[in-house]
Structure formats: C-alpha cells, structure tokens
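*Asks:* Got a structure here, written out as structure tokens. Questions coming.
Numbering (UniProt numbering), first residue to last: 1 to 129.
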C-alpha cells in the first residue's frame, strides 16, 4: 500500500470541492489539483487524500453526432424559401447544437479533473480573523 497523499487547501471552489497544493517531501510543493468531498474544510487546512473513484466516460461526446442531424432538419424544415434560406436555417441549428455539445463536454472535462478525494482532515485551518 502506498503512503497517503497530503495536501493543503488553497481555495474553496464550492461546497464539496476545493483546490489544493500537494505536499512533496513533507512540505507544500508546486503541483496543484482539485479535490472533492472536502468535508467543509477551509483555506489552510491540511488534508489526507486518496484517489478519486474513476468516473464513467461521459456521454457528452454523443451530442456532437446531433450537429449534422440538426443541420439536415434545418435544411428540410427551413420553409418554402430559397436554398440559401434553408442552408442558413440548417447552419444556425447546427451551430447552436455544436455550442450545446461543447458546453456539455466542458462540464464533463471539469468533472474528470477531480483526481483525489479527502479521506480525513489532518489539521483544520487556523482561524485567521
């Protein structure tokens, strides 16, 4: 079994998620990471980390397959206008679908960044008031 990973919380992002700096040779090093399950720890707390459970590959990539479908729908249902109007309608629908797929993938990438989860708090943050 490998030795536990120690880190210091540098920034609390949102409830349950925080940014921390990993320790190297008993002192804070240069490597930063995002952790989950931070147990309500505050900035400056020293925590022990374990590897986060691997997440399933997101289905967000399937959204990119909808782009040509929406382009074809826009072309077919673009009304009784000219070919240019139909292509414009298809292009707008395809662009909106692409943006939606990109945003879904961005969120999925952020969730995959979570490498570690907190197993216990070694030293709570000192009150800096």
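Quick reminder that beta carbons are idealized off the backbone N, C-alpha and C, glycines included.
1) Report buried or exposed for residue 99, applying the criterion of at least 16 other Cβ atoms within 10 angstroms of its Cβ.
2) Please determine, among 16, 41, 84, the residue with the shortest C-alpha to C-alpha distance to residue 125.
3) Can you give me the C-alpha to C-alpha distance between residue 103 and residue 118, rounded to a whole angstrom?
4) Could you check the C-alpha separation between residue 93 and residue 67 for me, to the nearest Å?
5) Determine, using beta-carbon pairs with one atom in the segment 25–39 and one in the segment 65–84, whether at least three such pairs fall under 8 Å.
6) Going by the DSSP bridge assignment, what does residue 5 pair with across the sheet?
*Replies:* Quick look at the numbers:
1) exposed
2) 41
3) Rounded to whole angstroms, the separation of the alpha carbons of residue 118 and residue 103 is 28 Å.
4) 8 Å
5) no
6) 49
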